[in-house]
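If you're matching positions, the sequence shown starts at 1 in the numbering used here and goes up one per residue.
Even glycine gets a Cβ: it sits at the ideal position worked out from N, Cα and C.
In what follows, a single structure is set out as structure tokens and then discussed.
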Amino acid sequence: MAPPCQSRYFLAMTDPRNIERAVSIHYYGRGGSFFVQSLLDGHPDVLTFPANYMCGYFAFWDEFGHLPTVELCAAFVDCYDILFDPRSSVPVLGVGADVGQEFNFTAMGERHGEALGVDRDLFAFTLLRLLKHEIDDGMTETVERKFFFQALHVAYAEALGRQFDSANPLIVFQAHNPFFHAIDSLFSDFGPRLKCLHSVREPLQTLASWYHSMRQDEDVGDLDLPRDTLIRALAHASPIFTWTHHLSPDHQGVGRYVAMNERNTRAVRLEDLHQTPEATLQRLCRWLDIDWHEALLASTFDGKLWHWKVRGETLSGFQNQTISRRHDEVLSDFDRLRLQFLLADKHAAWGYEMPAWFRLAPLGLLALGFWLLPFRMETSLWSSRLAKGSAWQRSRAYLQLRMQVIGIWWRIFRRPLPLLELID
1 MAPPCQSRYF LAMTDPRNIE RAVSIHYYGR GGSFFVQSLL DGHPDVLTFP ANYMCGYFAF
61 WDEFGHLPTV ELCAAFVDCY DILFDPRSSV PVLGVGADVG QEFNFTAMGE RHGEALGVDR
121 DLFAFTLLRL LKHEIDDGMT ETVERKFFFQ ALHVAYAEAL GRQFDSANPL IVFQAHNPFF
181 HAIDSLFSDF GPRLKCLHSV REPLQTLASW YHSMRQDEDV GDLDLPRDTL IRALAHASPI
241 FTWTHHLSPD HQGVGRYVAM NERNTRAVRL EDLHQTPEAT LQRLCRWLDI DWHEALLAST
301 FDGKLWHWKV RGETLSGFQN QTISRRHDEV LSDFDRLRLQ FLLADKHAAW GYEMPAWFRL
361 APLGLLALGF WLLPFRMETS LWSSRLAKGS AWQRSRAYLQ LRMQVIGIWW RIFRRPLPLL
421 ELID
């Protein structure tokens with residue numbers, strides 16, 4: 001367990017408006033974005049909410065942001081009941097119901113006997129007090145989206161009793177999904193002080209893990225799941241604005257943010273976090289411009305040790321089980337051969353070893369002929385009782401996968417996109 005933080009600043013002295021730095025965390029497949037966040041959780045210059053509790057914040061704002069401040073605070077407390085009781089079944093916007101149970105947040109700490117959560121009344125009181133930096137009459141006046149976002153993070157940390165090493169801590173926001181809307185809103189609010197951190201993993205492993213998770217966790221029988229899995233493997237490998245601009249150059253003026261997004265975006269490999277944690281986290285600290293602290297070597301939320309469940313196992317901290325799974329039930333050896341051609345540039349960019357001939361364009365084009373045969377993802381889904389659809393619908397899904405995935409690959413082949421760069 002990391003030693004307690006020796007801090008110099010009480011949050012009561014912190015004006016939320018002074019918090020101008022933020023990093024948004026995103027996944028590449030099942031790349032360990034929550035694990036990355038859990039390592040940052042205990043740092044004495046980090047403000048964060050547990051896991052992806054807040055990833056639907058901008059949807060919340062779109063619905064309730066027009067309300068007077070007191071009503072806005074009440075709406076937030078009602079919508080985010082999970083902050084006060086991890087057993088709450090109240091659906092979390094953008095996430096769903098029972099999220100605290102899914103993350104095993106009722107079995108925290110060294111002895112698995114603690115639960116997350118802050119006092120509801122203390123949080124609400126603290127939030128209203130902080131908002132008085134901007135308003136005089138909470139019954140009639142409204143606040144801006146950015147200030148409410150800043151105040152929420154300070155109020156939650158203060159309700160936890162945390163203190164900080166600086167008057168300008170870093171907001172760590174688990175956006176999770178690399179989707180345009182949230183990151184566009186964050187860029188609008190924080191501009192060049194926003195960074196994007198993507199967690200990546202060996203491309204075939206993370207692809208298979210994401211597919212398995214969707215099948216097992218949500219009982220998905222959608223015939224389009226294999227197609228969606230492969231498209232994500234291509235789309236999420238580039239900075240968010242780069243990919244959006246590639247697909248829709250005129251979309252909401254996205255072009256003006258592409259260069260800034262590429263400068264401010266980096267990736268960290270899950271394998272490096274587990275195998276060389278201190279050296280990897282030292283590099284991450286330099287990029288985030290925060291000091292090294294021993295708390296980074298503990299996987300926590302709300303300062304409590306986190307234990308998560310995967311396939312019946314309970315895991316915590318640094319280990320090799322996660323990164324060593326091959327997921328043979330999802331991908332056959334023949335599937336791996338075909339997909340290595342599809343994802344060869346990702347392997348090379350992120351330092352995953354593979355024979356150089358996988359990157360030879362003529363071989364890559366010839367390998368597309370192997371796509372006539374279905375993938376194990378497809379055949380296992382077709383034989384599942386969960387799978388919905390007739391033979392014609394299965395044929396349509398088979399054709400759409402090949403037309404759309406190969407179409408995207410061909411477009412990138414002709415006009416290569418910048419890929420996520422690793423922290424250095």
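| Check | Outcome |
| --- | --- |
| Determine the burial state of Asp136: buried for a count of at least 16 other Cβ atoms within 10 Å of its Cβ, exposed for fewer. | exposed |
| Cutting at 6 Å between CB atoms, please list the residues of its own chain near Asp272, excluding the five before and the five after it. | Thr280 |
| Apart from the five residues just before and just after Val90, which ones in its own chain have a Cβ nearer than 6 Å to its Cβ? | Asp81 |
| Report the three-state DSSP secondary structure of Phe413 (helix, strand or coil). | helix |
| Please report the residue range of the beta strand (DSSP E) in which Arg21 lies. | Arg21 to Tyr27 |
| Grouping DSSP H, G and I as helix and E and B as strand, with all else coil, what is Cys55? | coil |
| On a CA-only basis, which of His327, Ala391 and Asp78 is nearest Pro203? Give me that one, please. | His327 |
| How would you write the range of the alpha helix (DSSP H) that Ser380 sits in, first residue to last? | Arg376 to Trp382 |
| Excluding sequence positions up to five away, which residues of its chain have a Cβ less than 7 Å from the Cβ of Arg8? | Interpretation of Arg8 is limited by its pLDDT of 42, a score under 50 that renders its predicted location unreliable; no figure is taken from the coordinates. |
| So, using beta-carbon positions, are Trp306 and Ser299 closer together than 8 Å? | yes |
| Quick test of the definition: if touching needs 3 or more C-beta pairs under 8 Å, does the region 189–196 touch the region 361–373? | no |
| Does DSSP put Ile135 in a helix, a strand or coil? | coil |
| Per DSSP, what kind of secondary structure is Trp243 in: helix, strand or coil? | helix |
| Whose C-beta lies closer than 8 Å to the C-beta of Ala267 among residues of the same chain, with five residues either side of it excluded? | Tyr28, Leu197, His198, Ser199, Val200, Trp350, Leu420, Glu421, Leu422 and Ile423 |
| Quick one: what's got a C-beta closer than 6 Å to Glu114's C-beta in the same chain, skipping five residues either side? | Met108 and Lys304 |
| Could you give the residue range of the alpha helix (DSSP H) that holds Phe149? | Arg145 to Ala159 |
| Going by C-alpha to C-alpha distance, which of Thr14, Trp409 and Val405 sits closest to Asp224? | Val405 |
| Cα separation between Ala432 and Val77? | No statement about residue 432 is possible, as the shown extent of the chain runs from 1 to 424 and does not include it. |
| Write down every uninterrupted run of the beta strand (DSSP E) in the region 160–185 whose length is 3 residues or greater and which is fully enclosed by it, in chain order. | 170–176 |
| Determine contact between the region 234–249 and the region 168–186, defined as no fewer than three beta-carbon pairs at a distance below 8 Å. | yes |
| Would a C-beta distance cut-off of 8 Å place Gly32 and Ala295 closer than the cut-off? | no |
| Quick check on this structure: which residue in Ala74, Gly94, Ala75 and Glu102 has the alpha carbon closest to the alpha carbon of Arg87? | Glu102 |
| Just verifying my parser: in three-state terms, what is the DSSP assignment at Arg30? | coil |
| Put Trp306 into one of helix, strand or coil per three-state DSSP. | coil |
| Sort Arg30, Gly317, Ala175 and Thr229 by Cα distance to Ser24 and report the nearest one. | Ala175 |
| Where does the unbroken beta strand (DSSP E) through Glu313 begin, and where does it stop? | Glu313 to Leu315 |
| Give the DSSP-derived three-state secondary structure of Ala2 in the structure shown. | Because the pLDDT at Ala2 is just 41, under 50, the model does not fix this residue reliably, and the point stays unresolved. |
| Is Ser428 helix, strand or coil when you go by DSSP? | Residue coverage of the chain in this structure runs from 1 to 424, which leaves residue 428 outside it and unanswerable. |
| Kindly identify the DSSP beta-bridge partner or partners of Ala267. | His198 and Leu422 |
| When the Cα of Gly138 is compared with those of Phe190, Ala344, Phe318 and Glu71, which residue comes out closest? | Glu71 |
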